[in-house]
Structure formats: C-alpha cells, structure tokens
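Enquirer:
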Amino acid sequence: GIHELLVLSTLREEPKHGYQIALDVEADSNGLFRFKHGTLYPILHRLEGQGLIQGSWSSKTGRRRKVYSITAVGRRHLSGGTNRVEEVVARLLRVLGRQGEAPA
Numbered sequence: 032g033i034h035e036l037l038v039l040s041t042l043r044e045e046p047k048h049g050y051q052i053a054l055d056v057e058a059d060s061n062g063l064f065r066f067k068h069g070t071l072y073p074i075l076h077r078l079e080g081q082g083l084i085q086g087s088w089s090s091k092t093g094r095r096r097k098v099y100s101i102t103a104v105g106r107r108h109l110s111g112g113t114n115r116v117e118e119v120v121a122r123l124l125r126v127l128g129r130q131g132e133a134p135a
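Numbering of the sequence shown is given in this note's numbering, commencing with residue 32 and proceeding in unit increments.
1) What does the Cβ neighbour count give for LYS47, buried or exposed, with the cut at 16 atoms within 10 Å?
2) If we ignore side chains and look at the alpha-carbon of each, how far apart do GLY38 and GLN85 end up?
3) Exposed or buried, what is GLY128 when buried is set at 16 or more other beta-carbons lying within 10 Å of its beta-carbon?
4) Mind the definition here: the segment 90-106 touches the segment 40-55 only if three or more C-beta pairs lie below 8 Å; say whether that holds.
5) Are the CB atoms of LEU36 and LEU109 within a distance shorter than 9 Å?
6) Which residues share a DSSP beta bridge with GLN81?
7) Give a yes or no on whether the minimum CB-CB distance between ILE52 and chain C is below 9 Å.
8) Let me know if THR136 comes out buried or exposed under the rule of 16 or more other beta-carbons within 10 Å of its beta-carbon.
Okay, structure coming up:
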C-alpha cells in the first residue's frame with residue numbers, strides 16, 4: 032500500500048527509528064499522510080517480515096530504540112511501487128482530463 036511505500040521512501044537516505052519515520056512522512060507530504068496511533072508499528076513489522084527493511088537496536092542517545100533501514104529488496108520494491116503509482120496517477124489524470132470534453 033501507499034503507507035508502506037512512504038515508509039520505504041523515507042528510509043532511502045538513512046536509517047531511522049519509528050517516531051522519526053512518522054515525523055518525516057508527515058513533513059515530506061506536507062501533512063497529507065499521517066500515521067494514526069497504532070498503525071505505523073504493524074507496518075514496520077510487516078515490512079521487516081517481508082525482508083524489505085531491517086531493524087536493529089540502538090542506544091546512541093542513551094535510550095534504546097529500534098532503528099530501521101531499507102534493504103536491497105526494499106529498494107527494488109520501492110522502485111516497482113513508485114512505477115505503479117506513477118501509472119495510476121497518469122491514468123487518473125487522463126480520465127479527469129476527459130471529463131471536460133464533449134462526447135465523441
């Protein structure tokens with residue numbers, strides 16, 4: 032789904048903990064996409080189970096947190112997902128563009 036792609040996208044540049052992922056997705060989408068309470072971590076667990084991300088425990092700040100990074104498989108999945116989203120948007124724009132035209 033789109034939320035999975037958003038998580039993978041925000042992990043492209045660097046590993047992040049869950050709360051930072053949520054903040055970055057919201058900021059990158061100008062508030063369009065937000066993770067409601069209790070929705071992000073099931074997505075992270077699912078992506079980790081599918082081998083698309085990898086989690087490791089870190090205590091750099093003194094607080095133990097699980098930090099997630101995208102895997103090579105995750106990068107390929109993101110690329111394919113991005114292509115599918117672009118196709119859907121292009122088709123949608125074509126349909127919407129036809130709405131104002133007179134019937135043939």
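Beta carbons: idealized from backbone N, C-alpha and C, even for Gly. Values in this document were obtained by computation on a predicted structure and should not be read as measured data.
Expert: With the structure as the only source:
1) Numbered from 1 along the sequence shown, position 16 holds the residue referred to as residue 47. LYS47 sits buried, since 16 or more C-beta atoms from the chains shown fall within 10 Å of its C-beta.
2) Translated into positions along the sequence shown, residue 38 becomes position 7. Translated into positions along the sequence shown, residue 85 becomes position 54. The sequence as given places Val at residue 38; Gly does not occur at that position. Straight-line Cα distance between these residues: approximately 12 Å.
3) For the purposes of this step, residue 128 is taken as residue 97 along the sequence shown, with counting starting at 1. It counts as exposed.
4) yes
5) Numbered from 1 along the sequence shown, position 78 holds the residue referred to as residue 109. Numbered from 1 along the sequence shown, position 5 holds the residue referred to as residue 36. Result yes, Cβ atoms of LEU109 and LEU36 sit closer than 9 Å.
6) Against the sequence shown, residue 81 aligns to sequence position 50. Answer is none; GLN81 lacks a bridge partner.
7) Here chain C cannot be found, since the structure has a single protein chain.
8) Since the first residue of the chain shown is 32 and the last is 135, residue 136 is not available in this structure.
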